[in-house]
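**Student:**
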Amino acid sequence: MGYGCGAEQDVIPACRGSFLKIKKDSGQAGRAKIHTHKSGAGPKSKFAKLLFCFLVVACFLLFAVFCCAEILERVIAYVNNTAITLSEFRKDAERTRKTLGNVSDADIINSMINRILLLQEAKKMRLEAPDDDKLVQEYIDIKLKSAIIIREEDIEHFYNESRGQFKGRDYLAVRDQIEKYLFELETNKRLKSQIEELRAKSDIKIQLRAGE
Numbered sequence: 028m029g030y031g032c033g034a035e036q037d038v039i040p041a042c043r044g045s046f047l048k049i050k051k052d053s054g055q056a057g058r059a060k061i062h063t064h065k066s067g068a069g070p071k072s073k074f075a076k077l078l079f080c081f082l083v084v085a086c087f088l089l090f091a092v093f094c095c096a097e098i099l100e101r102v103i104a105y106v107n108n109t110a111i112t113l114s115e116f117r118k119d120a121e122r123t124r125k126t127l128g129n130v131s132d133a134d135i136i137n138s139m140i141n142r143i144l145l146l147q148e149a150k151k152m153r154l155e156a157p158d159d160d161k162l163v164q165e166y167i168d169i170k171l172k173s174a175i176i177i178r179e180e181d182i183e184h185f186y187n188e189s190r191g192q193f194k195g196r197d198y199l200a201v202r203d204q205i206e207k208y209l210f211e212l213e214t215n216k217r218l219k220s221q222i223e224e225l226r227a228k229s230d231i232k233i234q235l236r237a238g239e
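The opening position of the sequence shown corresponds to residue 28 in the numbering used here, with each subsequent residue numbered one higher.
(1) Taking residue 232 as part of the beta strand (DSSP E), name the residues at either end of that continuous run.
(2) May I ask which residues mark the beginning and end of the beta strand (DSSP E) holding residue 103?
(3) Under the DSSP definition of a beta bridge, which residues are partnered with residue 200?
(4) Could you tell me which residues DSSP puts in a beta bridge with residue 110?
(5) Output the distance between the C-alpha atoms of residue 193 and residue 175, rounded to the nearest integer angstrom.
(6) Can you grab the Cα-Cα spacing for the pair residue 104 / residue 117, in whole Å?
(7) Check for me: the alpha helix (DSSP H) holding residue 180 runs from which residue to which?
(8) Of the choices 235, 237, 233, 222, whose alpha-carbon is the least far from that of residue 141?
(9) Quick one: measure Cβ to Cβ for residue 112 and residue 100, integer angstroms, because I've assumed they're closer than 8 Å.
(10) For residue 176, which of helix, strand or coil comes out of DSSP?
(11) Check whether the stretch 197 to 216 and the stretch 165 to 184 are in contact - that is, three or more C-beta pairs closer than 8 Å.
(12) Going by C-alpha distance, which of 144, 170, 153 is nearest residue 217?
(13) Tell me whether residue 152 is buried or exposed, calling it buried when 16 or more other Cβ atoms sit within 10 Å of its Cβ.
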């Protein structure tokens with residue numbers, strides 16, 4: 028029974044997934060060339076393999092990026108309900124060392140903790156500022172500096188005790204300079220005391236590893 032369109036070729040159904048194509052040679056009767064075609068062995072199969080390889084590589088790269096991000100975002104300290112991540116620490120450390128030189132990891136992380144404590148207190152007071160640095164400064168101005176008074180006798184006492192530093196300059200010529208110095212000295216003293224008080228009543232955990 029013929030399945031073709033003329034005498035040039037007959038098609039014989041074969042097993043599932045393939046077919047046999049018999050093509051008669053014009054010069055040799057009774058002989059036939061048999062071509063076997065298997066389904067799935069063409070361009071579609073190659074494309075599927077390429078797609079699979081691409082997906083495997085993509086998954087590997089995504090996993091590597093995820094692992095890297097996880098390491099960078101590891102929490103290295105807690106300050107009450109605020110976390111400090113490794114990436115935040117590294118950013119702050121780079122900025123600090125550019126300005127102040129060789130500062131230890133311990134000093135940097137403790138400075139970050141102190142800043143967070145002051146920010147938390149500023150927010151409790153409902154203070155507002157364009158950014159966190161200005162908010163901390165606003166808190167210091169209102170909470171600490173506003174209560175500082177430098178007495179005239181303290182300025183005179185410092186002048187008399189430190190005359191050699193002023194190289195014979197008159198008291199009135201250096202009075203404002205002395206007052207400003209004593210004011211900043213008292214501010215730093217009160218700030219240190221305030222931070223120690225805040226740290227004593229706060230929940231602080233540091234889990235920074237050496238060399239991070």
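Glycine residues also receive a C-beta, built at the ideal position from the N, C-alpha and C atoms.
Here the structure is a predicted model, which is why all the values come from computation and not from measurement.
**Tutor:** Reading from the atomic positions:
(1) 231 to 233
(2) 102 to 106
(3) In DSSP, residue 200 forms no bridge with anything.
(4) 105
(5) 25 Å
(6) 13 Å
(7) 179 to 188
(8) 222
(9) 5 Å
(10) coil
(11) yes
(12) 170
(13) exposed
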